[in-house]
Amino acid sequence: MKQAFPYPRLANFLLLAAAATYFCTSIHSPVFFESLTIGHWIETHQAIPTEYLWSTAGAGQPWRSPSWLFELLLSLSEQLFGDQVFIVLKMLLLTCLVCGLSWLYACRARNAFIGTFIALPVSAGMLITAVLGPHLVGWLGAVLLIELAYRARLGEGTPLRALAVSFLVGVLLANSDASSAFAVLVSAVVLLSPAVEGEVLAPRAKRLGMVLVLVLSQLVTPYGGLQLLTIAQSFLFFLSLELGQRLNPGTVFQYQVSFLVLLWIVLVLLWPKHRRLLNGGEMLLAVGSTVLALASWKAAPYALLLVGLCTTLVWGRAQLSELGNLGEALSAFRQSMAKLPPLGTLWLLLCVLIVNVLNLWKVPFTKVLLPAREVDYLLEQPMDGALLHERFIGGYLVYRFADGKGRPRKLAAITDRSAFLDQPLAKSEVELETLSPGWKEYFAQLDPKRVLCRIDSTLYQVLTYDRSWELTLLYGFPPQSEPAAMLTKKGAFGWALFSKAAPESVADSESL
């Protein structure tokens with residue numbers, strides 16, 4: 000009997016949605032809170048920021064937000080639907096991204112099963128640490144532009160419609176996230192790379208026209224394309240910082256890099272040795288992004304996307320008989336999956352999806368990872384003197400130190416966005432994080448009255464034995480309190496707040 004519902008497509012969607020909501024976590028990232036604050040400022044002033052206002056690093060410096068549209072979306076969503084909308088928005092974006100990856104890979108592999116098979120590990124690596132930030136929109140836009148570029152490369156579809164859709168997606172992406180430059184670069188490489196065996200390309204003029212349309216789309220912003228300069232400056236600064244200090248090298252002990260290694264193994268096993276199935280541009284994208292991922296695991300999501308793309312391209316361009324034992328095993332696995340009972344499979348996937356959604360709905364925010372009680376204490380005290388803190392928590396402090404309209408009442412020390420605007424201060428902060436030579440310059444530049452740091456950080460150990468600093472809060476409680484002692488005994492993650500000791504206290508301790 001013919002099935003009354005589209006089992007393959009429905010099952011595929013439920014599987015991808017269940018995976019997306021499984022990888023989704025409650026909101027806790029400082030990146031989100033800084034984006035929300037800037038969105039409040041944009042909504043209040045009905046203008047986009049042209050200088051950075053929220054931290055000591057870069058305060059008053061010319062600055063262009065490449066993600067102003069996403070930030071405004073966050074602010075408007077909060078105003079219309081309340082805080083609960085953020086976890087819904089995150090689940091929707093992650094589901095769209097996972098489905099988009101499956102669609103891209105299925106189109107390139109010419110096989111829906113292989114598209115899903117490759118999309119799942121790629122999604123796992125990309126989303127395992129994903130936060131509600133503009134990069135989710137950037138990744139989704141990159142997926143759309145890459146597929147449109149491949150269709151234009153092969154002359155598929157209506158040329159004018161493809162140009163119009165590409166231009167629209169490019170404009171939205173240029174105003175939503177800095178990774179728009181990545182998407183345009185990859186699309187240009189796809190369009191201009193030479194043909195592989197058996198491939199018939201569209202006329203070169205049409206492909207060049209597509210590249211021109213994508214480049215022009217990046218100029219349709221309130222900044223007139225100058226946000227690309229900000230993106231380039233920020234990327235080059237952080238690249239030099241990562242390579243120079245080796246802050247976040249990619250290793251197989253990180254989920255993102257582990258999935259990347261697995262994808263490379265699959266790609267090598269599938270690739271027929273006697274056929275050239277990837278052109279130089281595609282190999283350059285895969286290898287170059289992998290090198291960046293090994294230099295810094297923060298680049299691993301982009302490498303996963305591109306290596307997954309190359310894997311599906313090999314599958315789609317080769318014959319099944321040429322794909323070796325792994326290709327035959329995947330085909331056999333697909334046939335065995337098709338024998339699963341339809342109703343039981345759908346019901347199981349639906350239950351998993353519902354459980355994932357309900358768990359996230361009940362706990363939309365995870366504040367245990369944020370110094371909420373410490374900041375509550377700071378806001379109750381007179382806002383005198385600078386606060387020294389780690390860069391990654393700067394976005395949360397921007398949010399807490401601003402009023403409801405996004406205007407700063409007190410400045411954070413530094414954030415990920417403002418670091419490149421004050422490069423000497425950013426380098427000093429990195430030296431402080433690693434206690435490299437010159438780390439005391441960060442103290443000298445800020446002259447802080449208070450220090451907020453993680454309890455498991457080296458800085459905490461240094462300040463604990465420094466008589467010029469006294470511990471004010473431990474895990475958000477007075478150091479001698481019972482909750483602080485209990486959490487210390489458990490070795491839980493937490494924050495410590497130090498205050499500058501009074502001169503007479505330092506003198507008394509030295510006399511003893």
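Here numbering that gives the first Met the number 0 is used: the first residue of the sequence shown is 0, the next is one more, and so on. Each residue gets a CB set at the ideal place from its N, CA and C atoms; glycine is no exception.
Here Leu424 is buried. Its C-beta has 16 or more other C-beta atoms within 10 Å.
Glu430 and Trp67 have their alpha carbons spaced roughly 31 Å apart. Inter-residue distance for Ala141 and Leu75 is about 25 Å (C-alpha atoms, whole angstroms). For the pair Glu50 and Pro61, the CB atoms are nearer than the 7 Å cut-off. Distance from the CA atom of Ala108 to the CA atom of Trp314, rounded to whole angstroms, is 5 Å. Note that the C-beta distance between Gly394 and Glu33 is below 7 Å. The continuous beta strand (DSSP E) containing Arg449 extends over residues Pro447 to Arg453. Using a Cβ distance threshold of 7 Å, Arg63 and Gln226 count as a contacting pair. Per the DSSP secondary-structure output, Lys499 pairs in a beta bridge with Trp468.
Rounded to the nearest whole angstrom, the CA to CA distance from Gly307 to Leu262 is 7 Å.
For Leu92, the uninterrupted alpha helix (DSSP H) run begins and ends at Val84 to Ala108, by DSSP. In the pairwise beta carbon analysis, the segment 275 to 284 is classified as not touching the segment 126 to 142: fewer than three pairs are separated by under 8 Å.
With a cutoff of 7 Å on beta-carbon distance, Gly59 and Asp421 are scored as not near each other.
Per the Cβ contact rule, the segment 379 to 386 is not in contact with the segment 10 to 25 (fewer than 3 Cβ pairs under 8 Å).
The residue from Leu191, Val195 and Glu198 with its alpha-carbon nearest to that of Leu211 is Leu191.
Val362 is the residue among Phe476, Leu325, Glu196 and Val362 whose C-alpha sits nearest the C-alpha of Asp82.
In the DSSP assignment, Ala111 falls outside any beta strand (DSSP E) and lies within the alpha helix (DSSP H) extending over Ala111 to Leu126.
The beta carbon of Lys499 sits closer than 6 Å to those of Lys448, all from its chain and outside the five residues before and after it, given in chain order. Taking Thr365 as the centre and dropping the five residues before and after it, the same chain places the C-beta of Ser25 and His27 closer than 6 Å to its C-beta, in chain order. Scanning Thr20, Gly475, Gly132 and Pro29 for the CA closest to the CA of Leu377 turns up Gly475.
Between Glu241 and Ala294, the CB-CB gap stays under 7 Å. With contacts defined by Cβ atoms closer than 7 Å, Leu100 and Val121 form a contacting pair. Using a Cβ distance threshold of 7 Å, Leu172 and Ser165 do not count as a contacting pair. If you look at Leu139, you'll find it in the alpha helix (DSSP H) that goes Pro133 to Arg152. For Leu486, the enclosing alpha helix (DSSP H) stretches over residues Glu481 to Lys489. Taking every protein chain shown into account, the CB of Glu146 has 16 or more other CB atoms within 10 angstroms, so this residue is buried. Per DSSP, Leu386 is not a residue of any alpha helix (DSSP H); the beta strand (DSSP E) it occupies stretches across Ala385 to His388. The three-state reading of DSSP puts Ser54 in strand, counting E and B together. Two segments are said to touch when three or more pairs of C-beta atoms, one from each, lie closer than 8 Å; by this definition the segment 391 to 405 touches the segment 34 to 47. Assignment of Ala201 by DSSP, reduced to helix, strand and coil, places it in the coil class. Counting other Cβ atoms within 10 Å of its Cβ, Arg152 reaches 16 or more and is therefore classed as buried. For Val189, the enclosing alpha helix (DSSP H) stretches over residues Ser179 to Leu191. The beta-carbon distance between Met125 and Leu303, rounded to whole angstroms, is 6 Å. This is short enough to meet the 8 Å contact definition. Secondary structure at Ile26: strand, using DSSP grouped into helix, strand and coil. Going by C-alpha positions, Leu486 is about 33 Å away from Val256. According to DSSP, residue pairing for Trp494 in a beta bridge involves Arg453.
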